[in-house]
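Colleague: Number 237 marks the last residue of the sequence shown (numbering that gives the first Met the number 0); no jumps.
Pasting a structure here, questions to come.
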Amino acid sequence: MASLADVAYSTPCARLLKDSEACEGACREIYNIARFPNVVGIIDCTHIRILASPNAIVRDYVNRKNHHSINVQAVVDHERKFVNVVAKWQGCTHDSFILRHSSVWEAFESRQMTGIILGDSGYANRPWLMPPISSPRDRAEQRAHDKTRVLIEHTFGRWKRRFHSLHGELRIALQNVPDYIIVAAVLHNIAVDLKQPDFLGPEDDFIDDQPECPEPTDNICISSGNAYRNQIVQNYFA
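In structure tokens form, the structure reads like this:
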């Protein structure tokens, strides 16, 4: 597993950030879903439960549901494949904190990566990251956002059905959990490429509860993100 994890860290989970052709193709395919423009991926976090322990370090992994977990950040594409995965943060860690300390943040903030990603309301609005909005005048945009963003919920559902240990509790040593999760993401991508059948089951069994409240961010970026979003609404959904 260790050797496969090494490959995982170096290849599949950075594909979107390094391959401009794949990025452009993803943007076209995602647009065809609900006509939301310039989207290159969808981001969210999901909790993977780990073995509970009285150990003081492990207690730091207790999440808001009072479960011990790893909070896993993922970006997915139109094929419901993982293009970026971060699997190292404690369950108590806020989704937006994980994003700010990830290669995804660095790539978009430095403009190595163009386009936008869609997220849930646990993220603050930025020029390259758009959470949902609830303004009545933007209902068409909101429907398109919801229909597109559901890709990541479906991906998490397919992934956890395929590797049911991710839906239950990982009973392995804590230091091996990140590699296990990354390898499971790689194998999921391989299964999608090989057109392996999904394990049947309701999607809702694997969807996390309501998103967290967004953490504060700087007003300049919020204003810039809002301006770009208003432009999209006017050009595509007015």
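All residues carry an ideal CB built from backbone N, CA and C; glycine is no exception.
Residue range of the alpha helix (DSSP H) that LYS87 falls in?
Modeller: Your numbering for residue 87 matches position 88 in the sequence shown. First-last for LYS87: 81-89, but that is the beta strand (DSSP E), not the alpha helix (DSSP H).
Colleague: So for GLY45, helix, strand or coil by DSSP?
Modeller: Walking along the sequence shown from the start, residue 45 turns up at place 46. Note that residue 45 is Thr in the sequence shown here, rather than Gly. DSSP places THR45 in strand when its eight states are reduced to three.
Colleague: Who are the Cβ neighbours of ILE32 in its own chain at under 8 Å, not counting the five residues just before and after it?
Modeller: For this step, residue 32 is matched to residue 33 along the sequence shown. Result list for ILE32: HIS77, LYS146, THR147, LEU150, in chain order.
Colleague: I need the straight-line Cα distance from ILE231 to VAL82, nearest angstrom please.
Modeller: As a position in the sequence shown, residue 231 is number 232, starting the count at 1. As a position in the sequence shown, residue 82 is number 83, starting the count at 1. Rounded to whole angstroms, ILE231 to VAL82 spans 25 Å at the Cα level.
Colleague: Measuring CB to CB, does ILE116 end up less than 8 Å from ILE42?
Modeller: Within the sequence shown, numbered from 1, the residue matching residue 116 stands at position 117. Within the sequence shown, numbered from 1, the residue matching residue 42 stands at position 43. Cβ atoms of ILE116 and ILE42: closer than 8 Å.
Colleague: Measuring alpha carbon to alpha carbon, tell me which of MET129, ASN225, LYS80 ends up nearest ALA184.
Modeller: Working through the sequence shown from its first residue, we reach residue 184 at position 185. Closest option to ALA184, Cα to Cα, is LYS80.
Colleague: At the level of alpha carbons, what is the spacing between TYR235 and SER102?
Modeller: The sequence position of residue 235 within the sequence shown is 236, counting from 1. The sequence position of residue 102 within the sequence shown is 103, counting from 1. Computed Cα separation, rounded: 30 Å.
Colleague: Would a C-beta distance cut-off of 8 Å place GLY90 and ILE69 closer than the cut-off?
Modeller: Working through the sequence shown from its first residue, we reach residue 90 at position 91. Working through the sequence shown from its first residue, we reach residue 69 at position 70. For GLY90 and ILE69, yes; Cβs fall inside 8 Å.
Colleague: Per the DSSP calculation, HIS67 is bridged to which residue(s)?
Modeller: Reading the sequence shown from its first residue, position 68 is the one you call residue 67. In DSSP, HIS67 forms a bridge with VAL61.
Colleague: What did DSSP end up calling ALA172 once you bin it into helix, strand or coil?
Modeller: As a first step, residue 172 is located in the sequence shown; it is residue number 173 there, counting from the start. ALA172: coil per DSSP, three-state reduction.
Colleague: Classify SER109 as buried or exposed, calling it buried when 16 or more other Cβ atoms lie within 10 Å of its own Cβ.
Modeller: Here the question's residue 109 lines up with position 110 in the sequence shown. Flag for SER109 reads exposed.
Colleague: If I measure Cβ to Cβ from PRO131 and keep anything under 8 Å in the same chain, skipping five residues before and after, which residues do I get?
Modeller: Here the question's residue 131 lines up with position 132 in the sequence shown. Cβ neighbours of PRO131 beyond the five flanking positions: ASP119, SER120, GLN141, HIS144, ASP145, ARG148.
Colleague: Relative to the C-alpha of ALA123, which residue among ASN225, PHE198, ILE29 is closest?
Modeller: Here residue 123 is taken as the residue at index 124 of the sequence shown, counted from 1. It is ASN225.
Colleague: For ASN229, which residues in the same chain have their Cβ closer than 8 Å to its Cβ, ignoring the five residues on either side in sequence?
Modeller: Counted from its first residue, the sequence shown places residue 229 at position 230. Answer for ASN229: no residue qualifies.
Colleague: DSSP state of VAL73, grouped into three classes?
Modeller: Sequence index remark: in the sequence shown, residue 73 carries index 74 (1-based). For the record, residue 73 in the displayed sequence is Ala; it is not Val. Strand.
Colleague: Over what stretch of residues does the alpha helix (DSSP H) that includes ILE151 continue unbroken?
Modeller: Within the sequence shown, numbered from 1, the residue matching residue 151 stands at position 152. Note, ILE151: alpha helix (DSSP H), 138-161.
Colleague: Taking only the alpha-carbon atoms, compute the straight-line gap between GLU168 and VAL182 and give it to the nearest angstrom.
Modeller: Along the sequence shown, one-based indexing puts residue 168 at 169. Along the sequence shown, one-based indexing puts residue 182 at 183. About 16 Å.
Colleague: When you compare the CB positions of LYS159 and HIS166, do they come within less than 8 Å of one another, or not?
Modeller: Translated into positions along the sequence shown, residue 159 becomes position 160. Translated into positions along the sequence shown, residue 166 becomes position 167. In contact: LYS159 and HIS166 (Cβ atoms closer than 8 Å).
Colleague: Once DSSP output is grouped into helix, strand and coil, what is the label at GLY24?
Modeller: For the purposes of this step, residue 24 is taken as the residue at position 25 of the sequence shown. Three-state DSSP puts GLY24 in a helix.
Colleague: Starting from LEU117, follow the alpha helix (DSSP H) in both directions and report where the run begins and ends.
Modeller: For this step, residue 117 is matched to residue 118 along the sequence shown. Unbroken run through LEU117 is the beta strand (DSSP E), 115-117; no alpha helix (DSSP H).
Colleague: Round the Cβ separation of ARG161 and ALA190 to the nearest angstrom and send it over; I've been treating them as touching at under 8 Å.
Modeller: Taking the sequence shown and counting its residues from 1, the one referred to as residue 161 is at position 162. Taking the sequence shown and counting its residues from 1, the one referred to as residue 190 is at position 191. About 6 Å separates the two Cβ atoms, so the contact holds.
Colleague: If you follow the alpha helix (DSSP H) that ILE97 is in, where does it begin and where does it stop?
Modeller: Translated into the one-based positions of the sequence shown, residue 97 becomes position 98. Its alpha helix (DSSP H) spans residues 94-99.
Colleague: Among all the DSSP beta bridges, which residues are the ones paired with ARG125?
Modeller: To locate residue 125, count along the sequence shown from 1; it is residue 126. In DSSP, ARG125 forms a bridge with LEU128.
Colleague: The alpha helix (DSSP H) with SER102 in it runs from where to where?
Modeller: The sequence position of residue 102 within the sequence shown is 103, counting from 1. Note, SER102: alpha helix (DSSP H), 102-108.
Colleague: Determine the direct distance from the alpha carbon of ALA106 to that of CYS22, and round the result to whole angstroms.
Modeller: Here residue 22 is taken as the residue at index 23 of the sequence shown, counted from 1. Here residue 106 is taken as the residue at index 107 of the sequence shown, counted from 1. Taking the straight line joining both Cα atoms gives about 13 Å.
Colleague: Cβ atoms of LEU173 and VAL57: under 8 Å apart, would you say?
Modeller: Counted from its first residue, the sequence shown places residue 57 at position 58. Counted from its first residue, the sequence shown places residue 173 at position 174. For VAL57 and LEU173, yes; Cβs fall inside 8 Å.
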